[in-house]
Amino acid sequence: MRPEALNSLFVETDALDGVGPKLMRPLEKLGLTRIRDLAYHLPDRFVERRAIANLDEAAVGENVIIALTPREHRSPSGRGPFRVMAEDAVGNICTITYFGRASYTAKKQLPVGELRWVAGRIDQYGQMLQIVHPEHISEDASAPIGKLCEPIYPLSEGMTQGRIGALVAQALKGLPELPEWIEHGLIAQKDWPAWREALGEAHRGVNAAARDRLAYDELFANALALMLVRESNRSQRGTPLVGDGALRAKLRLPFALTGAQTRSIAEIEGDLAQPSPMLRLLQGDVGSGKTVVALSSLLIAVEAGAQGALLAPTEILARQHYETLSRMLQGTGVEIALLTGRDKGKAREAILMGLLDGSIQIVVGTHAIFQDSVAYRNLALVVIDEQHRFGVGQRLMLARKGRRAPHTLAMTATPIPRTLTLAQYGEMEVSKLDELPPGRQAIDTRVISVERMDDVIGGIARHIETGQQAYWVCPMVNENENEDLAAAEARYAALKERFGDTVALVHGQLRPEAKDAAMERFARGEASLLVATTVIEVGVDVPNSTLMVIEQAERFGLAQLHQLRGRVGRGSEKSTCLLLRGTQMSETARQRLALMRETQDGFRLAEEDLQLRGGGELLGTRQSGDTPFRIASLEQIQKLLPIAHDDARLLIERDGGLAGPRGEAARLLLYLFERDWGVQLLRSG
Ligand code: ADP
Ligand code: MG
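If you're matching positions, the sequence shown starts at 43 in the numbering used here and goes up one per residue.
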């Protein structure tokens, strides 16, 4: 049960003033369903403005607030923008410019002859200064003056800065006072504010101490929960599994295992023989051969007279695994079954029976294999594919299935750097498949200036003529998703003009049916060129697609580029990846692209990515899904995670865990960050 002190934080956002059905969707899209989420929805950055008395004080490129009096409205001749000529206090004239259909609002907000306070960025336009689409316009001075430092929040469609700001303010107003969970010495040494103050300050302006404190809270909660898992695991008894190798010897593999596979299997074998349950992570890039390692592990369990399960995140992946494993198991006499949510009636009954009486030795499936109605005779090993899609909570649910805790092998294809491994899988041992099976062709990766677009298009034409297919990836990087979509649509239109109906488009805002249809068309080879935003589905596997163009490649992180590039190089033909770069690039961006050209080693890229990204961030820019953290940036993780880890250990090993007075506060923290499975474990264990 969640402690009462936190109840107000977990109230749903629709209880706030001004949240109707219309705002619910954008809020949900941002993951802001409870007051707590809003309070932790930290600004990406702040716009700092200077209040100036007249335009002579203004510098080009500066954000200002200035009093201006509109003198004339100039409607566009033809397709030009709508302009308002406005005068400052000393008679200088500047232009306020509106593109598109904004002129109606402009006329209303900037009536001729009436003084207005205008907040926006000063640009040069010919001989004149101009402000394009001012961010605020107001009749009285007080409102804009209050915007000298304005938080800029991550948005979703249908949400505005004004609305989200107001909701955050409401959320912050009701924050409870919570006891301190950070060790006193540490908080004094770092000079960090208390929790409630830290939240308030993090929304008000750039404040490293406040941001660090909040990040530390998150890291500490995670470290503590993982430590509790580890402790509880140590105290549990599992079943030692020792196989005689008989079944593994019967496998007729069409290839020799790589050194990395052999090593990983040996590590797993060693763990399985222990009385305490295995908690091991198998890390290996796409194509590194995790499946055969999983199968060998499952066979050890079967040899030892027990059952094994393979859990996949989706039905499609479960089916694929089942087919692959069944093929490999031919001639071994091992019984394997597939169980998904789709199975009903007699077929399902038969499988349940087989699992109960032990005649089925290996089961592959989605989380349906762990429903209450499914009972096992002797489940001793659980292999989880694509670990990162499952929460730790689910992982633990599995552990409760057997009479004794089963061994767990988690597998992930996302190469993450060592520090993040600690953060995400702190309680696990790690095996790495850091060697690809022989015979893979390297992907020819090139960096090309966008100025050579014509050559690139020509290359695509030649490529398609040979009957092969290609991806064209457009970035989703702007704060405003719509701008990116517009760019992707424009690219699609241009390519379509050149190549005709053989071009297909997918992006996140298409209806699911439209998206599926486009994907299908490409998968079946009816379309040769797929224009896509970064949402190319995880399952996309079109071996005939051997060319990838990535636009504005300098704006992607290395990890992301690596994931994208992994979509080609899947067939027998040689593959190419063209990284289109803009004409201006930062030094970091240049290094990133050079690295992409140099290596295809996911682990190396992950490490270097962390190094490169570590430095250049002003605020803790949220990372896209590659860490389990929402608050802590990569830099903060590197800086603070080791401290959080040590402190969590101290709290458990020296300070009485969650029982002591600081433990009470730490328990709140676990609930606050929804790491409460840690608490529950401790109670049951
Ligand atoms: P992962 O699940 O790690 O992405 P898979 O297990 O699906 O990779 O293996 C990718 C491909 O490589 C499969 O076709 C598999 O049969 C093959 N493979 C696996 N191990 C080896 C090996 N040692 N030598 C050659 N091919 C291998
Ligand atoms: Mg796989």
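Every residue, glycine too, gets a C-beta built ideally from N, C-alpha and C.
None of these values were measured; they are calculated from a predicted model.
Report task. Could you please give the first and the last residue of the uninterrupted alpha helix (DSSP H) stretch that includes proline 703? Result -> 703-714
Requested in this report: Classify methionine 277 as buried or exposed, calling it buried when 16 or more other Cβ atoms lie within 10 Å of its own Cβ.
Outcome: The question names methionine, yet the displayed sequence has serine at residue 277. Answer is exposed; the Cβ neighbour count stays below 16.
Report task. In angstroms with no decimal places, state the Cα-to-Cα distance between serine 666 and proline 123. Result -> The pLDDT assigned to serine 666 is 41, lower than 50, so where the model puts this residue is not dependable; a value taken from the coordinates is nonetheless given after this. Cα to Cα, the separation comes out at about 36 Å.
Query raised in the report: Which value, in whole angstroms, describes the spacing of the CA atoms of alanine 148 and alanine 161?
Result: 14 Å
Requested in this report: Can you tell me which of Asp399, Tyr418 and Leu381 puts its alpha carbon nearest to the alpha carbon of histidine 409?
Outcome: Leu381
Query raised in the report: Rounded to the nearest angstrom, how far is the Cβ of arginine 163 from that of asparagine 105, given a contact under 8 Å?
Result: 5 Å
**Report entry** Contact check, leucine 323 vs valine 335, beta carbons under 8 Å
**Finding:** no
Query raised in the report: Helix or strand or just coil, what does DSSP make of leucine 660?
Result: With a pLDDT of only 32 at leucine 660, under the threshold of 50, the placement of this residue in the model should not be trusted; the figure read from the coordinates follows. DSSP places leucine 660 in coil when its eight states are reduced to three.
Requested in this report: Kindly indicate which three-state DSSP category lysine 232 falls into: helix, strand or coil?
Outcome: helix
Report task. Round the Cβ separation of aspartate 399 and alanine 354 to the nearest angstrom and send it over; I've been treating them as touching at under 8 Å. Result -> Not quite, the Cβ-Cβ distance comes to about 24 Å (not below 8 Å), so this is no contact.
Query raised in the report: Hey, is threonine 333 close to the ligand MG, as in C-beta under 7 Å from one of its heavy atoms?
Result: yes
Report task. For proline 193, collect the residues of the same chain with a Cβ closer than 7 Å to its Cβ; drop the 5 residues on either side in sequence, then sort them by chain order. Result -> Pro85, Phe88, Gly207 and His245
Query raised in the report: Do the region 217-228 and the region 112-131 make contact, defined as three or more Cβ pairs closer than 8 Å?
Result: no
Requested in this report: Take glutamate 54 and list the residues in its own chain whose beta-carbon comes closer than 7 Å to its own, dropping the five residues that flank it on each side.
Outcome: Thr75 and Arg76
Query raised in the report: Distance, Cα to Cα, threonine 663 vs serine 675?
Result: Residue placement at threonine 663 cannot be trusted, given a pLDDT of 37 that sits under 50; what the coordinates show is reported in the next sentence. The straight-line gap from Cα to Cα measures roughly 6 Å.
Query raised in the report: Where does phenylalanine 88 fall in DSSP's three states?
Result: strand
Query raised in the report: Cβ-heavy atom distance between aspartate 286 and the ligand MG below 7 Å?
Result: no
**Report entry** Proximity test, aspartate 476 beta-carbon vs the ligand MG heavy atom, cut-off 7 Å
**Finding:** no
Requested in this report: Compute the minimum distance between the beta carbon of alanine 455 and the heavy atoms of the ligand ADP, and state whether it is under 7 Å.
Outcome: yes
Query raised in the report: Within 10 angstroms of its Cβ, does aspartate 259 collect 16 or more other Cβ (buried), or is it exposed?
Result: buried
Query raised in the report: Does DSSP put arginine 533 in a helix, a strand or coil?
Result: helix
**Report entry** Boundaries of the alpha helix (DSSP H) in which arginine 256 is found, first to last residue
**Finding:** Inspection of the sequence shows that residue 256 is occupied by leucine rather than by arginine. 250-277 is the extent of the alpha helix (DSSP H) around leucine 256.
Requested in this report: Pull up the distance between the alpha-carbon of methionine 627 and that of glutamate 243, whole angstroms please.
Outcome: 33 Å
Query raised in the report: Hey, how far is the Cα of lysine 232 from the Cα of aspartate 689?
Result: 14 Å
Query raised in the report: Roughly how many angstroms separate the alpha carbons of arginine 460 and aspartate 497, rounded to a whole number?
Result: 40 Å
Query raised in the report: How far does the beta strand (DSSP E) with serine 180 in it reach, from first residue to last?
Result: 178-180
Query - Closest Cα partner of proline 235 within the set Gly216, Arg255 and Pro218 - result: Arg255
Query raised in the report: In three-state terms, what does DSSP make of leucine 74?
Result: coil
Query raised in the report: Count the other CB atoms within 10 Å of the CB of valine 154; is the residue buried (16 or more) or exposed (fewer)?
Result: exposed
Query raised in the report: Does the beta-carbon of cysteine 191 have 16 or more other beta-carbons within 10 angstroms, so that it is buried, or is it exposed?
Result: exposed
Requested in this report: Alpha carbon to alpha carbon, how far is glutamate 377 from valine 344? Give it in angstroms, no decimals.
Outcome: 10 Å
Query raised in the report: Can you tell me the Cα-Cα spacing of glycine 329 and alanine 252, whole angstroms?
Result: 43 Å
Query raised in the report: Expressed to the nearest angstrom, what Euclidean distance is found between the alpha-carbon atoms of glutamate 523 and proline 517?
Result: 10 Å
**Report entry** the region 565-575 / the region 538-550 touching (three or more Cβ pairs under 8 Å)
**Finding:** yes
Requested in this report: Go ahead and pull the three-state DSSP assignment for glutamine 665.
Outcome: No answer about glutamine 665 holds up, because its pLDDT of 42 lies below 50 and its placement is not dependable.
Report task. Let me know the secondary structure DSSP gives serine 587 once reduced to three states. Result -> strand
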